[in-house]
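Participant: Top line first, the protein sequences correspond to chains A and B.
Residues in the first sequence are numbered consecutively from 685, following this note's numbering.
Residues in the second sequence are numbered consecutively from 685, following this note's numbering.
2 protein chains.
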Amino acid sequence: MKIGDLAEKSGLSADTLRYYEKIGLIPRPLRDSGGRRVYDRTILRWIDFLDRLKSTGMGIRDRLRYAELRSQGAASLSERRVMLEGHRDKVAGDISRLTEMLDVLDDKIDLYKRMEAGETVDPAFENCARTEHGAPSSKDRPANVESPSERT
Amino acid sequence: MKIGDLAEKSGLSADTLRYYEKIGLIPRPLRDSGGRRVYDRTILRWIDFLDRLKSTGMGIRDRLRYAELRSQGAASLSERRVMLEGHRDKVAGDISRLTEMLDVLDDKIDLYKRMEAGETVDPAFENCARTEHGAPSSKDRPANVESPSERT
DNA sequence: CTACCGGTTGGAGCGCACTCCAGGTCAAGA
DNA sequence: TCTTGACCTGGAGTGCGCTCCAACCGGTAG
Numbered sequence: 685m686k687i688g689d690l691a692e693k694s695g696l697s698a699d700t701l702r703y704y705e706k707i708g709l710i711p712r713p714l715r716d717s718g719g720r721r722v723y724d725r726t727i728l729r730w731i732d733f734l735d736r737l738k739s740t741g742m743g744i745r746d747r748l749r750y751a752e753l754r755s756q757g758a759a760s761l762s763e764r765r766v767m768l769e770g771h772r773d774k775v776a777g778d779i780s781r782l783t784e785m786l787d788v789l790d791d792k793i794d795l796y797k798r799m800e801a802g803e804t805v806d807p808a809f810e811n812c813a814r815t816e817h818g819a820p821s822s823k824d825r826p827a828n829v830e831s832p833s834e835r836t
Numbered sequence: 685m686k687i688g689d690l691a692e693k694s695g696l697s698a699d700t701l702r703y704y705e706k707i708g709l710i711p712r713p714l715r716d717s718g719g720r721r722v723y724d725r726t727i728l729r730w731i732d733f734l735d736r737l738k739s740t741g742m743g744i745r746d747r748l749r750y751a752e753l754r755s756q757g758a759a760s761l762s763e764r765r766v767m768l769e770g771h772r773d774k775v776a777g778d779i780s781r782l783t784e785m786l787d788v789l790d791d792k793i794d795l796y797k798r799m800e801a802g803e804t805v806d807p808a809f810e811n812c813a814r815t816e817h818g819a820p821s822s823k824d825r826p827a828n829v830e831s832p833s834e835r836t
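(1) Can you tell me which of G719/B, A759/B, I744/B and T804/B puts its alpha carbon nearest to the alpha carbon of Y704/B?
(2) Comparing C-alpha positions only, which one of I793/A, L786/A, D773/A and H771/A sits nearest to D778/B?
(3) Anything in chain A within Cβ reach of R702/B, meaning under 7 Å, just list it in chain order.
(4) Just to confirm my understanding: we take R814/A, look at its own chain, exclude 5 residues before and 5 after, and list those with CB closer than 8 Å. What are they?
(5) Tell me the residue span of the alpha helix (DSSP H) that contains G770/A.
(6) Could you check what DSSP says for L696/A in three-state terms: helix, strand or coil?
(7) If the criterion is Cβ atoms closer than 8 Å, does the pair L709/A and A751/A meet it?
(8) Are the C-beta atoms of R814/B and some chain A residue less than 8 Å apart?
(9) So which of S739/A, R764/A and K693/A has the shortest CA-CA distance to R729/A?
(10) Spatial neighbours of G695/A within its chain, please: CB distance less than 6 Å, with the 5 preceding and 5 following residues excluded, ordered by chain position.
(11) For L795/B, is the classification buried or exposed, using 16 other Cβ atoms within 10 angstroms of its Cβ as the cut-off for buried?
(12) Distance, Cα to Cα, V766/B vs I731/A?
(13) Hey, out of R720/A, E763/A, R702/A and A698/A, whose CA is closest to E800/B's CA?
(14) Give a yes or no on whether the C-beta atoms belonging to I707/A and L768/B are separated by under 8 Å.
(15) If you measure between the beta carbons of L761/B and R747/B, is that distance less than 8 Å?
(16) So I744/A is in the alpha helix (DSSP H); what residue range does that whole segment cover?
(17) Please list, in chain order, the chain A residues whose beta carbon lies closer than 8 Å to that of I707/B.
(18) List the endpoints of the continuous alpha helix (DSSP H) containing D716/A.
(19) Is the CB of I744/A under 8 Å away from at least one CB in chain B?
(20) Flag Y750/A as yes if its beta-carbon sits less than 8 Å from any beta-carbon of chain B, otherwise no.
(21) Would you verify that the beta carbon of E800/A is, or is not, closer than 8 Å to some beta carbon of chain B?
(22) Answer yes or no: does any C-beta atom of chain A fall closer than 8 Å to that of K693/B?
(23) Please list, in chain order, the chain A residues whose beta carbon lies closer than 8 Å to that of I687/B.
(24) A698/B touches chain A at which residues, Cβ-Cβ below 8 Å?
(25) Among P711/B, D716/B, G688/B and K738/B, which residue has its Cα nearest to the Cα of L782/A?
(26) Would you kindly check if the distance between the Cβ of R721/A and the Cβ of P713/A is under 8 Å?
(27) Confirm the yes/no value for this check: CB of K797/B, any heavy atom of the ligand GTP, distance under 7 Å.
(28) If you follow the alpha helix (DSSP H) that D724/B is part of, which residue opens it and which one closes it?
(29) Let me see if you follow: with CB-CB separation under 8 Å, is K797/B close to chain A or not?
(30) In whole angstroms, what is the alpha-carbon distance linking R736/B and M742/B?
(31) Can a CB atom of chain A be found closer than 8 Å to the CB of A759/B?
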């Protein structure tokens with residue numbers, strides 16, 4: 685497999701593949717007689733996994749560290765496991781944040797639909813949905829203000 | 685509320701708040717007699733919502749667009765709703781991707797644990813968990829290779 | 001009066017993750 | 001043989017999202 689084929693199969697650009705190689709995310713492939721990279725198709729599984737790590741929020745530092753450990757073979761197994769466990773927890777946290785946001789968005793979309801339909805809705809609830817209930821209280825008013833006009 | 689107080693309450697730095705103001709994410713606040721920014725506490729809800737948009741993957745362009753629409757008031761309601769619906773779908777997609785990854789990670793962590801325990805596991809399943817089953821087939825071997833030695 | 005603290009501005013710098021480009025080599029098809 | 005096109009290298013450039021800095025100002029406590 686040449687770099688163009690791999691690019692097509694992996695969804696990354698040839699530039700990105702060379703970049704990943706340069707920084708050490710993917711191992712240096714063999715070369716053909718003309719000096720061109722020749723990839724073993726097993727690299728695809730690794731790239732897929734890397735991609736998943738990335739798309740689930742693992743930064744390049746950690747991916748690099750993981751790649752380094754991987755290249756060290758079986759001796760790094762437990763360290764890799766620890767990294768994966770850490771990432772697992774991060775992903776679980778992200779899922780719950782996103783799920784919360786889904787509720788917020790649904791509420792807000794609903795609110796907007798009702799407002800579009802001409803329903804009278806207390807606009808004080810804007811940007812409050814499920815995160816901060818209630819309209820702003822009148823205590824704790826801003827003091828020291830020069831000219832409290834012009835409300836955006 | 686001065687910028688330092690808002691920074692503390694919002695979790696953003698004063699620099700970031702000024703930056704958000706500069707690019708138009710948050711409206712220009714009033715100033716006191718000394719030219720210092722004085723914030724209405726309602727800004728906190730907006731900042732919180734912006735933060736949620738950001739932390740759930742909405743880029744700065746879209747947040748900017750949303751902020752612009754918001755500043756136009758009620759006339760932009762339906763356009764904002766459309767944006768939120770788009771984001772909602774994106775978030776829902778992200779949740780399913782993350783949930784998939786959670787499974788992949790759990791499988792992989794399990795695999796590693798078994799390997800650490802000395803169990804004989806086919807290493808061909810590395811980086812395959814739930815995404816690509818089976819070991820690499822022997823058909824489709826890399827051809828045209830000069831020297832298939834030196835395996836990283 | 002002076003020191004200090006927290007604010008002001010414009011602009012430079014940074015880390016991530018690519019992305020693009022110039023200028024070259026090489027193999028295969030017309 | 002000539003041309004085409006994929007590939008090579010090193011390095012510059014890009015967009016996001018801040019973050020830091022110098023140099024300055026103004027109110028308050030000692």
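Using N, Cα and C, we set each Cβ at its ideal position, and we do this for glycine too.
Facilitator: Here's the rundown:
(1) Within the second sequence, numbered from 1, the residue matching residue 704/B stands at position 20. Among G719/B, A759/B, I744/B and T804/B, the Cα nearest to that of Y704/B is on I744/B.
(2) Position 94 of the second sequence holds residue 778/B. With respect to the C-alpha of D778/B, the residue from I793/A, L786/A, D773/A and H771/A having the closest C-alpha is L786/A.
(3) Indexing the second sequence from 1 puts residue 702/B at position 18. Neighbours of R702/B on chain A: none; closest Cβ ~17 Å, over 7 Å.
(4) Counting from 1 along the first sequence, the entry for residue 814/A is found at position 130. Because R814/A sits at a pLDDT of 39, beneath the cut-off of 50, its placement in the model cannot be relied upon, and the following sentence gives the value as read from the coordinates. E784, D787, V788 and D791.
(5) Start at 1 with the first residue of the first sequence, and residue 770/A comes out as number 86. L761 to E800 is the span of the alpha helix (DSSP H), which, as asked, contains G770/A.
(6) Counting from one through the first sequence, the residue named residue 696/A turns up at place 12. Note: L696/A maps to coil in three-state DSSP.
(7) The residue given as residue 709/A occupies position 25 in the first sequence. The residue given as residue 751/A occupies position 67 in the first sequence. It is a contact, given that the beta carbons lie within the stated cut-off.
(8) Locating residue 814/B in the second sequence gives position 130, counting from the first residue. Per-residue confidence for R814/B stands at a pLDDT of 39, beneath the threshold of 50, marking its modelled position as unreliable; no derived number is given.
(9) Locating residue 729/A in the first sequence gives position 45, counting from the first residue. The alpha carbon of R729/A has as its nearest neighbour, out of S739/A, R764/A and K693/A, the alpha carbon of K693/A.
(10) Start at 1 with the first residue of the first sequence, and residue 695/A comes out as number 11. Hits under 6 Å: none found.
(11) In the second sequence, residue 795/B corresponds to position 111, counting from 1. Flag for L795/B reads buried.
(12) Here residue 766/B corresponds to residue number 82 of the second sequence, with the count starting at 1. Here residue 731/A corresponds to residue number 47 of the first sequence, with the count starting at 1. Computed Cα separation, rounded: 35 Å.
(13) For the purposes of this step, residue 800/B is identified with residue 116 of the second sequence, where counting begins at 1. Of R720/A, E763/A, R702/A and A698/A, the residue nearest in Cα terms is E763/A.
(14) Numbered from 1 along the first sequence, position 23 holds the residue referred to as residue 707/A. Numbered from 1 along the second sequence, position 84 holds the residue referred to as residue 768/B. It is not a contact, given that the beta carbons lie outside the stated cut-off.
(15) As a position in the second sequence, residue 761/B is number 77, starting the count at 1. As a position in the second sequence, residue 747/B is number 63, starting the count at 1. For L761/B and R747/B, no; Cβs fall outside 8 Å.
(16) Here residue 744/A refers to the residue found at position 60 of the first sequence. Its alpha helix (DSSP H) spans residues I744 to S755.
(17) As a position in the second sequence, residue 707/B is number 23, starting the count at 1. For the C-beta of I707/B, not a single chain A residue is nearer than 8 Å; the gap to the nearest is close to 16 Å.
(18) As a working note, residue 716/A is residue 32 in the first sequence. It is not in any alpha helix (DSSP H) - D716/A carries neither H nor E in the DSSP assignment.
(19) For the purposes of this step, residue 744/A is identified with residue 60 of the first sequence, where counting begins at 1. I744/A does not count as touching chain B.
(20) To locate residue 750/A, count along the first sequence from 1; it is residue 66. Y750/A does not count as touching chain B.
(21) Numbered from 1 along the first sequence, position 116 holds the residue referred to as residue 800/A. By this cut-off, E800/A is an interface position.
(22) Residue numbering aside, residue 693/B sits at position 9 when the second sequence is read from its first letter. Taking Cβ atoms only, chain A never reaches closer than 8 Å to K693/B, which makes this a no.
(23) Mapped onto the second sequence, residue 687/B falls at position 3. Neighbours of I687/B in chain A, taken as residues whose beta carbon is under 8 Å from its own, are absent, since the nearest beta carbon is some 13 Å off.
(24) As a working mapping, residue 698/B is identified with position 14 in the second sequence. Chain A residues near A698/B: none, gap ~17 Å exceeds 8 Å.
(25) On the first sequence, residue 782/A is found 98 positions in, with the first residue counted as 1. Nearest option by C-alpha distance: K738/B.
(26) The sequence position of residue 713/A within the first sequence is 29, counting from 1. The sequence position of residue 721/A within the first sequence is 37, counting from 1. Their beta carbons are under 8 Å apart, which means P713/A touches R721/A by this criterion.
(27) Judged by which ligands are present, the structure shown has none, so any question about the ligand GTP falls away.
(28) Locating residue 724/B in the second sequence gives position 40, where the first residue counts as 1. First-last for D724/B: undefined, no H or E at that position.
(29) What you label residue 797/B is simply residue 113 of the second sequence in a count that begins at 1. With 8 Å as the cut-off, K797/B counts as an interface residue toward chain A.
(30) Looking up residue 736/B in the second sequence gives position 52. Looking up residue 742/B in the second sequence gives position 58. Going from the Cα of R736/B to the Cα of M742/B covers about 9 Å.
(31) In the second sequence, residue 759/B corresponds to position 75, counting from 1. By this cut-off, A759/B is not an interface position.
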